[in-house]
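The UniProt record's numbering numbers the first residue of the sequence shown as 1 and each following residue consecutively.
Think of the CB as a built atom: it goes at the ideal place given N, C-alpha and C, for glycine as much as any other residue.
Keep in mind it's a predicted model, so treat the numbers as computed, not measured.
Structure first, commentary second.
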Amino acid sequence: MNIYVGNLPYGVTDNDLEDMFTEHGEILSAKVIMDKPTGRSKGFGFVEMSNDSEAEAAIQALNESSVEGRNLKVNQAKPREDRPQRRSRY
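Right under this line is the structure:
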């Protein structure tokens with residue numbers, strides 16, 4: 001199951017995100033989404049877990065939990081929607 005994790009503190013790394021979920025089950029991947037131009041975190045990420053029941057337990061345990069004073073928003077990720085391509089100004 002793919003899990004959305006929002007309202008992350010900007011200093012959280014991929015490893016930090018993985019560590020948050022490790023006690024709840026097997027993690028396939030953990031990725032904090034970064035802004036390409038600045039290289040800074042966008043404040044959200046995704047965690048993929050192999051077992052759906054473990055993923056549900058992690059969502060229940062971590063949603064609204066506080067990390068560095070910020071309450072996380074944790075839920076099942078929605079499928080990515082294709083966005084129209086941006087036209088170049090040049």
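Give the single residue among the options whose Cα lies nearest to the Cα of residue i.
i, options, result
"Ala-61", "Lys-31, Thr-38, Gly-25 and Arg-80", "Gly-25"
"Val-47", "Gly-39, Gly-11, Val-32 and Pro-37", "Val-32"
"Gly-6", "Ser-66, Thr-22 and Ile-27", "Ser-66"
"Met-49", "Ala-58, Gly-43, Thr-38 and Arg-87", "Ala-58"
"Gly-45", "Glu-18, Glu-23, Thr-22 and Arg-86", "Glu-18"
"Tyr-4", "Val-74, Glu-56, Glu-81 and Arg-70", "Val-74"
"Leu-28", "Arg-80, Asn-63, Glu-81 and Asp-52", "Asp-52"
Apply the 10 Å Cβ neighbour rule to residue i and answer buried if 16 or more other Cβ atoms are within range, or exposed otherwise.
i, result
"Ala-77", "exposed"
"Leu-8", "buried"
"Met-34", "exposed"
Compare the beta carbon distance of residue i and residue j with 8 Å and say whether it is the shorter of the two.
i, j, result
"Gly-39", "Tyr-10", "no"
"Val-1", "Ala-55", "In the sequence on display, residue 1 carries Met and not Val. Closer than 8 Å, so yes."
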